[in-house]
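Student:
Residue numbers (full-length UniProt numbering): 1 to 208.
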């Protein structure tokens, strides 16, 4: 975590201890923290910088312990991903998770407050905001995600039905060709039936 993240966390905790029943809107709270942080002296920020340095050391140590045993697994996963078939462009768009809905709504606000931040910095701020948000504040994003999930499930049903229909058509053609070959083997060359005439026969064969 960054020094500013520790500052926001400490400020939120102090506010909860002073007013445990008060409901805080995170957008307003975030703006207040940003203004307060800008006005703080360097010596006031020092303890938060020390906390960040300590946390960075802990993070690097944990990453060392994690990355080394998993390097071979990551390499295998990368190879598997290269061998994966390309996705069907006609398949329904995957549903958007709750957190991504939140990011889409709040990204511009963060960019306005921190114009010098890059994409990675903005992602960290959004992640921190989401973690500190109250359950009630997250509800509207959950509703967006639920609505999108309903859209995905409906489109997926239609997509699978269409795929099954196309598969049946392909199967009918293959069976028609097979029937034509059987008829051709039993008839003189001048009496061979075309594929169109044997398609109906193939359909009857496939029916129970």
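Using N, Cα and C, we set each Cβ at its ideal position, and we do this for glycine too.
Can you have a look at residue 163 and say buried or exposed, based on whether 16 or more other CB atoms are within 10 angstroms of its CB?
Tutor: Here residue 163 corresponds to residue number 163 of the chain shown, with the count starting at 1. Flag for residue 163 reads exposed.
Student: Which of the three DSSP states, helix, strand or coil, is assigned to residue 136?
Tutor: As a working note, residue 136 is residue 136 in the chain shown. Correct three-state label for residue 136: helix.
Student: Quick one: measure Cβ to Cβ for residue 132 and residue 12, integer angstroms, because I've assumed they're closer than 8 Å.
Tutor: On the chain shown, residue 132 is found 132 positions in, with the first residue counted as 1. On the chain shown, residue 12 is found 12 positions in, with the first residue counted as 1. About 6 Å; that satisfies the 8 Å criterion.
Student: Does the contact criterion of 3 or more C-beta pairs under 8 Å hold for the segment 142 to 151 versus the segment 92 to 109?
Tutor: yes
Student: Leaving out the 5 sequence neighbours to the left and right, which residues in its chain are closer than 6 Å to residue 51 when beta-carbon positions are compared?
Tutor: Position 51 of the chain shown holds residue 51. Answer for residue 51: 6, listed in chain order.
Student: When the distance is taken between beta carbons, is residue 55 closer than 7 Å to residue 1?
Tutor: The sequence position of residue 1 within the chain shown is 1, counting from 1. The sequence position of residue 55 within the chain shown is 55, counting from 1. A contact, by the Cβ cut-off of 7 Å.
Student: Would the C-beta of residue 163 count as close to the ligand PLP, meaning under 6 Å from any of its heavy atoms?
Tutor: Among the components modelled here there is no ligand, and therefore nothing to report on the ligand PLP.
Student: Give a yes or no on whether the C-beta atoms belonging to residue 92 and residue 155 are separated by under 7 Å.
Tutor: Translated into positions along the chain shown, residue 92 becomes position 92. Translated into positions along the chain shown, residue 155 becomes position 155. A Cβ-Cβ contact shorter than 7 Å links residue 92 with residue 155.
Student: So the candidates are 10, 44, 153, 19; which of them puts its Cα closest to the Cα of residue 30?
Tutor: Your numbering for residue 30 matches position 30 in the chain shown. Here the closest residue by C-alpha is 10.
Student: Compare the C-alpha of residue 129 against each of 14, 28, 18 and name the closest.
Tutor: For this step, residue 129 is matched to residue 129 along the chain shown. Among 14, 28, 18, the Cα nearest to that of residue 129 is on 28.
Student: Return yes when the Cβ of residue 152 is within less than 7 Å of the Cβ of residue 115, no when it is not.
Tutor: Residue 115 sits at position 115 when you count from the first residue of the chain shown. Residue 152 sits at position 152 when you count from the first residue of the chain shown. No. Outside cutoff.
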